[in-house]
Amino acid sequence: MTITDIVFSTVEIPLKTPFVTALRRVENVEAVRVTLSTDGGLQGIGEAPPTEVITGENLQSIRSTIEAKIAPNMLHKPFETMEEVQKILHTSCKGATSAKAAVDIALYDLFCKQTCQPLYRFLGGENRSVETDVTISLNDPGTMAADARIALAEGFDILKVKVGGRDGRDIARLEGVRRAVPDALLLVDANQAWSETEALKMIGAVSDLGIELIEQPLPAENLEGMQAVTAQSPIPILADESVFTLEDAKRVIGTKAAEMINIKLMKCGGIYKAREIVEWCEARGVKCMMGSMLESPASIKAALQLAMAYPETIRYADLDSPLLYESIPQGSGMAFKGNEIFLS
Numbered sequence: 041m042t043i044t045d046i047v048f049s050t051v052e053i054p055l056k057t058p059f060v061t062a063l064r065r066v067e068n069v070e071a072v073r074v075t076l077s078t079d080g081g082l083q084g085i086g087e088a089p090p091t092e093v094i095t096g097e098n099l100q101s102i103r104s105t106i107e108a109k110i111a112p113n114m115l116h117k118p119f120e121t122m123e124e125v126q127k128i129l130h131t132s133c134k135g136a137t138s139a140k141a142a143v144d145i146a147l148y149d150l151f152c153k154q155t156c157q158p159l160y161r162f163l164g165g166e167n168r169s170v171e172t173d174v175t176i177s178l179n180d181p182g183t184m185a186a187d188a189r190i191a192l193a194e195g196f197d198i199l200k201v202k203v204g205g206r207d208g209r210d211i212a213r214l215e216g217v218r219r220a221v222p223d224a225l226l227l228v229d230a231n232q233a234w235s236e237t238e239a240l241k242m243i244g245a246v247s248d249l250g251i252e253l254i255e256q257p258l259p260a261e262n263l264e265g266m267q268a269v270t271a272q273s274p275i276p277i278l279a280d281e282s283v284f285t286l287e288d289a290k291r292v293i294g295t296k297a298a299e300m301i302n303i304k305l306m307k308c309g310g311i312y313k314a315r316e317i318v319e320w321c322e323a324r325g326v327k328c329m330m331g332s333m334l335e336s337p338a339s340i341k342a343a344l345q346l347a348m349a350y351p352e353t354i355r356y357a358d359l360d361s362p363l364l365y366e367s368i369p370q371g372s373g374m375a376f377k378g379n380e381i382f383l384s
């Protein structure tokens with residue numbers, strides 16, 4: 041197989057309501073779409089959103105990285121295996137994980153089309169539905185409680201509750217949401233907003249609310265603080281921004297800075313690198329979340345099929361971006377029934 045052309049376009053999808061976390065506010069999903077064409081007439085599509093507060097990349101930098109650093113190493117150079125082309129991709133430059141993820145997803149699309157099979161089967165999985173959480177954006181306690189009630193009424197009983205408002209009202213937020221949806225499964229995401237002292241105070245105050253896990257309570261680089269919180273918390277701690285690479289995963293789990301890991305294609309550089317992390321965790325009995333940024337359909341669909349391939353290790357999924365769109369674009373290839381997301 042030889043890649044003969046790389047074409048770029050931009051995807052933009054309005055959201056029903058703004059998506060708000062401790063790190064950012066977003067009103068539209070944006071993504072760079074990458075289309076790879078081959079000498080055999082195949083086309084592979086990959087997409088990546090700009091999540092500058094996490095990966096340091098914006099729309100322009102994703103495109104320019106692919107054009108200037110990845111494309112020159114990949115165009116018009118024949119390869120036979122995924123391993124060959126992935127080595128080219130990941131040695132083209134350092135970092136730039138979203139840019140790499142867009143190309144990686146497009147490469148997997150090419151190989152799947154070449155072998156006439158869906159991605160989940162190419163990865164060794166089976167076609168099945170995956171349960172995703174639904175995000176309750178950061179807001180005042182009353183609004184978040186109301187949003188939780190609406191989500192439950194629409195059939196969503198796994199909720200990821202965003203906290204970290206830095207206004208002293210996080211306990212009220214969680215208490216209000218729990219009163220509003222007493223039987224829902226609650227995942228709490230602080231997006232690095234707390235200090236070690238604040239985290240331990242928060243956890244102590246909400247430990248009787250039946251919270252399933254707390255995600256990234258401390259800044260990503262504060263692994264020592266994460267160790268202390270994990271050691272003292274009765275609620276399991278999941279690392280997100282602390283883990284981009286397999287080496288990060290080994291460090292976080294090895295030092296007991298968290299008990300679980302949130303794997304995102306945009307953090308690690310795509311499906312190939314995500315599989316390395318999943319399989320390392322699988323060998324050690326470490327449970328994972330298949331997460332996502334606020335993403336467009338092509339990358340969400342790729343993450344969904346990766347989750348299909350590792351049902352024992354990927355315990356949680358955070359793939360609700362399409363549910364936040366004003367409307368799901370035709371041809372997305374996905375459908376929802378309550379918390380279940382499946383290939384349509």
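Our numbering numbers the first residue of the sequence shown as 41 and each following residue consecutively.
All C-beta atoms, glycine included, are put in the ideal place defined by N, C-alpha and C.
No experiment lies behind these values; they were computed from the predicted model shown.
Whole-angstrom C-beta distance between residue j and residue i, which should lie under 8 Å
i	j	result
Glu281	Pro89	No, Glu281 and Pro89 are not in contact; Cβ-Cβ is about 16 Å, not under 8 Å.
Leu359	Met330	7 Å
Ala139	Ile106	5 Å
Glu366	Pro54	4 Å
Leu278	Met300	4 Å
Ala188	Val217	5 Å
Phe196	Asn379	6 Å
Asn231	Thr44	Actually they are not in contact, since the Cβ atoms of Asn231 and Thr44 sit about 41 Å apart, beyond 8 Å.
Glu255	Asp288	Contact flag wrong, Cβ pair sits at about 15 Å.
Leu346	Leu163	6 Å
Ala224	Leu192	6 Å
Gln267	Thr295	6 Å
Under the three-state DSSP convention, the category residue i falls into
i	result
Leu344	helix
Asp149	helix
Asn262	coil
Val283	coil
Val170	strand
Leu253	strand
Glu67	strand
Arg355	strand
Thr42	coil
Leu55	strand
Thr237	helix
Asp229	strand
Cutoff 6 Å; reference residue i; Cβ partners in own chain excluding five residues on either side
i	result
Tyr350	Val318
Lys109	Ser132, Cys133
Pro118	Thr42
Cys321	Cys328, Thr353
Asn302	Leu278, Asp280, Met329, Gly331
Gly165	Met348, Ala349
His130	none
8 Å Cβ cutoff met for residue i and residue j
i	j	result
Val269	Pro259	no
Leu199	Leu226	yes
Ala297	Leu305	no
Gly250	Asp144	no
Arg73	Glu87	yes
Gly204	Glu236	no
Val66	Phe59	yes
Neighbourhood of residue i by C-beta distance below 7 Å, restricted to the same chain and skipping five residues each side
i	result
Gly371	none
Ser384	Gly373, Met374, Ala375
Asn262	none
Cβ shell of residue i (< 8 Å), same chain only, five flanking positions each side left out
i	result
Ala146	Val74, Thr75, Leu76, Gly84, Ile85, Gly86
Arg324	Ile293
Glu120	Met41
Distance cut-off 7 Å: residue i Cβ against heavy atoms of the ligand HEM
i	result
Val326	With respect to small molecules bound, the structure shown includes none, and the ligand HEM cannot be examined in it.
- Cβ pair count under 8 Å reaching 3, the stretch 144 to 152 against the stretch 79 to 88: yes
- Pair every Cβ in the stretch 162 to 180 with every Cβ in the stretch 99 to 115, then say whether three or more of these pairs are closer than 8 Å. no
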